[in-house]
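Trainee: Take the sequence shown: its position 422, counted from the start at 1, is 422 in UniProt numbering, and no numbers get skipped.
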Amino acid sequence: MYSNSLVELDRAHLVHPVASYRNHEKLGVRVLASAKGASVTDASGKQLVDGFAGLWCVNAGYGQESIVEAASRQMRELPYATAYFGLGSEPAIRLAAALAERAPGDLNHVYFTLGGSDAVDSTIRFIRYYWIARGEPTRDQFISVEQGYHGSSTAGAGLTALPLFHAGFGIPFDWQHKIPSHYAYRNPIGDDPQAIINASLAALRRKVEEIGPERVAGFYAEPIQGSGGVLVPPKGWMKAMRELCRELGILFVADEVITAFGRTGPLFACEEDDIVPDFITTAKGLTSGYVPMGAVFMADHVYQTIADGAGAAAVGHGSTYSAHPVSAAVGLEVLNLYENGLLENGRKAGARLMKGLESLKDHPLVGDVRGRGMLAAVELVVNKEKKTPLPAAADPARRVFDRAWENGLVLRAFANGVLGYAPPLCCTDGDIDAIVERTRKTLDDTL
Ligand code: PLP
1 MYSNSLVELD RAHLVHPVAS YRNHEKLGVR VLASAKGASV TDASGKQLVD GFAGLWCVNA
61 GYGQESIVEA ASRQMRELPY ATAYFGLGSE PAIRLAAALA ERAPGDLNHV YFTLGGSDAV
121 DSTIRFIRYY WIARGEPTRD QFISVEQGYH GSSTAGAGLT ALPLFHAGFG IPFDWQHKIP
181 SHYAYRNPIG DDPQAIINAS LAALRRKVEE IGPERVAGFY AEPIQGSGGV LVPPKGWMKA
241 MRELCRELGI LFVADEVITA FGRTGPLFAC EEDDIVPDFI TTAKGLTSGY VPMGAVFMAD
301 HVYQTIADGA GAAAVGHGST YSAHPVSAAV GLEVLNLYEN GLLENGRKAG ARLMKGLESL
361 KDHPLVGDVR GRGMLAAVEL VVNKEKKTPL PAAADPARRV FDRAWENGLV LRAFANGVLG
421 YAPPLCCTDG DIDAIVERTR KTLDDTL
């Protein structure tokens with residue numbers, strides 16, 4: 001299909017993220033060569049609709065010339081400037097200010113990272129700085145939610161609650177705890193929204209009691225659990241958890257690495273959830289995947305506490321590429337695109353996507369359809385009544401992914417038979433319809 005030498009070079013040298021190395025050696029790589037709008041073209045010339053925006057990140061879509069121009073202008077003028085030693089660059093400062101202005105409530109302080117894992121990892125450090133500055137150094141325990149994903153840094157992978165990220169390593173560490181997910185479709189307590197919220201509240205209270213209320217530092221939650229299978233909590237879940245954290249005196253981190261920047265409709269999903277967390281972590285849509293960057297948003301009280309705690313000393317957290325000017329220039333242009341039509345288009349396309357996916361419910365393999373905006377999932381089962389998952393031995397994820405690819409669709413096929421959708425916000429009606437039609441064809445082919 002592709003030049004053999006490229007496949008061989010890949011096999012021999014490129015270590016792929018989150019991959020079975022042995023399977024990859026057998027199956028080889030699929031090489032993408034170019035992309036435009038919501039479509040990608042592989043090295044053999046096959047064109048596909050990208051129903052997953054790369055890795056839920058190319059929110060603006062491919063081939064946006066103004067982003068390319070912003071990056072090349074910045075590279076020409078000032079390709080790099082450190083943010084150490086009191087130095088800075090105009091795009092980084094302007095992007096921080098623009099984001100702070102748009103972020104919910106008093107999340108006025110922005111620390112730029114290299115991506116999402118680095119953002120989550122940074123919050124662990126900021127939270128510790130905060131509690132030590134507050135004179136409560138015993139607060140060193142962190143809680144997150146089963147089926148949550150918070151990246152794969154050494155510490156963050158322990159907040160992540162997917163066993164794949166723990167196997168063979170020895171995490172989570174003993175300071176990382178979990179409460180059950182709100183996953184409605186397979187919740188042992190049923191799918192009543194208020195019952196699920198109450199159960200999560202009770203679980204967090206119990207966990208805090210168990211650990212010791214004076215030990216708990218922070219709680220992490222995604223507005224929609226992405227990598228866990230696009231699990232949408234009942235309306236009011238985030239608000240209830242946020243308020244409980246305030247009552248218990250625990251810092252609340254909303255991990256919006258996937259959900260921010262129009263993915264669920266608004267710029268931040270927290271706006272829809274009507275909450276102001278102590279931190280928001282973001283990445284992906286911040287630069288729409290054109291260059292790497294993430295951002296941690298800190299509330300005023302957090303920033304002031306850390307600053308007072310350090311006094312004249314430096315807060316010893318940072319990296320060479322934090323606040324990278326090229327990434328920031330891209331971020332500014334991406335924000336401009338969001339606010340000049342993309343968010344609006346994404347909201348319309350999201351409604352069409354959800355309606356289209358809902359129409360698949362009549363298919364014998366479709367057990368559940370869920371989502372918000374341009375973030376959705378279809379959960380496949382072999383028996384709808386019993387909610388029997390596709391047999392794992394048949395490697396449903398690989399089979400469905402391969403069939404979708406043949407049908408001209410890139411989607412995310414999770415190992416448990418959940419299909420994930422996160423198309424670019426620039427999708428036309430035709431793109432969305434193609435995603436739905438090609439999914440139906442793929443399911444028919446899988447039967
Ligand atoms: N947090 C969440 C909620 C994510 O979905 C991800 C990645 O998908 C991360 C953190 C990690 O981000 P990255 O892959 O950029 O390190």
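Glycine included, C-beta positions come from ideal geometry on N, C-alpha and C.
Using only the alpha-carbon positions, how far apart do residue 339 and residue 106 sit?
Mentor: 21 angstroms
Trainee: Could you give the distance in angstroms between the alpha-carbon of residue 455 and the alpha-carbon of residue 303?
Mentor: This structure gives no information on residue 455, because the portion of the chain shown stretches from 1 to 447.
Trainee: Nearest by alpha-carbon distance to residue 255: which of 248, 277, 344 and 266 is it?
Mentor: 277
Trainee: Does ligand 1 have even one heavy atom less than 7 angstroms from the beta-carbon of residue 257?
Mentor: yes
Trainee: In angstroms with no decimal places, state the Cα-to-Cα distance between residue 207 and residue 179.
Mentor: 7 angstroms
Trainee: Check the C-beta distance from residue 391 over to residue 381 and give it rounded, since I have them as a contact under 8 angstroms.
Mentor: Actually they do not touch by this definition, with Cβ atoms about 11 angstroms apart.
Trainee: Quick check on DSSP: helix, strand or coil for residue 379?
Mentor: strand
Trainee: For residue 324, which of 316, 286 and 298 has the nearest alpha-carbon?
Mentor: 286
Trainee: Which one of 434, 164, 314 and 120 has the shortest CA to CA distance from residue 349?
Mentor: 434
Trainee: Quick check on residue 72: does DSSP put it in helix, strand or coil?
Mentor: helix
Trainee: Under the criterion of a Cβ to heavy atom distance below 7 angstroms, does residue 115 qualify as lining ligand 1?
Mentor: Within the cutoff, so yes.
Trainee: Compute the Euclidean distance between the alpha carbons of residue 292 and residue 385, then round it to the nearest angstrom.
Mentor: 44 angstroms
Trainee: Between the alpha carbons of residue 87 and residue 156, how many angstroms are there, rounded?
Mentor: 29 angstroms
Trainee: Taking the straight line between their C-alpha atoms, what separation do you get for residue 444 and residue 224?
Mentor: 29 angstroms
Trainee: Quick one: what does DSSP say residue 395 is sitting in, helix, strand or coil?
Mentor: Here residue 395 carries a coil assignment [DSSP, helix/strand/coil].
Trainee: Beta strand (DSSP E) containing residue 9: first to last residue?
Mentor: Counting along the chain, residue 9 falls outside any beta strand (DSSP E), though it belongs to the alpha helix (DSSP H) covering 4-13.
Trainee: Bridge partners of residue 39, per DSSP?
Mentor: Residue pairing for residue 39: DSSP places it in a beta bridge opposite 36 and 49.
Trainee: So what does DSSP say about residue 149, is it helix, strand or coil?
Mentor: coil
Trainee: Ignoring anything shorter than 3 residues, give me the beta strand (DSSP E) runs that lie fully in the segment 141-207, in order along the chain.
Mentor: 141-145 and 176-179
Trainee: From residue 396 to residue 65, what distance separates their C-alpha atoms?
Mentor: Using only the alpha carbons, I get a separation of about 38 angstroms.
Trainee: Round the Cβ separation of residue 119 and residue 257 to the nearest angstrom and send it over; I've been treating them as touching at under 8 angstroms.
Mentor: 7 angstroms
Trainee: Pick helix, strand or coil for residue 30, following the three-state DSSP scheme.
Mentor: Coil.
Trainee: Please look up how many angstroms separate the CB atoms of residue 297 and residue 275, rounded, as I've assumed it's under 8 angstroms.
Mentor: Not confirmed; about 13 angstroms, so no contact.
Trainee: Along the chain, where does the alpha helix (DSSP H) that runs through residue 439 open and close?
Mentor: 429-446
Trainee: Taking Cβ positions, are residue 237 and residue 317 nearer each other than 8 angstroms?
Mentor: no
Trainee: For a test of your reading of the model: does the CB of residue 226 fall under 7 angstroms from any non-hydrogen atom of ligand 1? Yes or no.
Mentor: yes
Trainee: Using the rule of at least 16 other Cβ atoms within 10 Å of the residue's Cβ for burial, across every protein chain shown, is residue 109 buried or exposed?
Mentor: buried
Trainee: Okay, do the segment 75-87 and the segment 241-250 touch, 3+ Cβ pairs below 8 angstroms being the bar?
Mentor: The segment 75-87, when compared against the segment 241-250, does not touch it at the 8 angstroms Cβ threshold.
Trainee: Using 8 angstroms as the Cβ pair cut-off and three pairs as the minimum, do the segment 88-98 and the segment 357-370 touch?
Mentor: no
Trainee: Determine the contact status of residue 130 and residue 282, defining contact as a CB-CB distance below 8 angstroms.
Mentor: no
Trainee: I'd like to know whether the C-beta atoms of residue 67 and residue 321 end up nearer to each other than 8 angstroms.
Mentor: no
Trainee: Could you tell me the alpha carbon to alpha carbon distance between residue 449 and residue 139, rounded to whole angstroms?
Mentor: The requested residue 449 is not part of the displayed model; the chain covers only 1 to 447.
Trainee: Exposed or buried, what is residue 147 when buried is set at 16 or more other beta-carbons lying within 10 Å of its beta-carbon?
Mentor: buried
Trainee: Can the beta-carbon of residue 407 be found less than 8 angstroms from the beta-carbon of residue 261?
Mentor: no
Trainee: Contact defined as beta carbons within less than 8 angstroms: I believe residue 232 pairs with residue 372. What is the distance between those atoms, to the nearest angstrom?
Mentor: 6 angstroms
Trainee: Tell me the start and end of each unbroken alpha helix (DSSP H) in the segment 288-342 that is at least 4 residues and wholly inside, in chain order.
Mentor: 300-310 and 325-337
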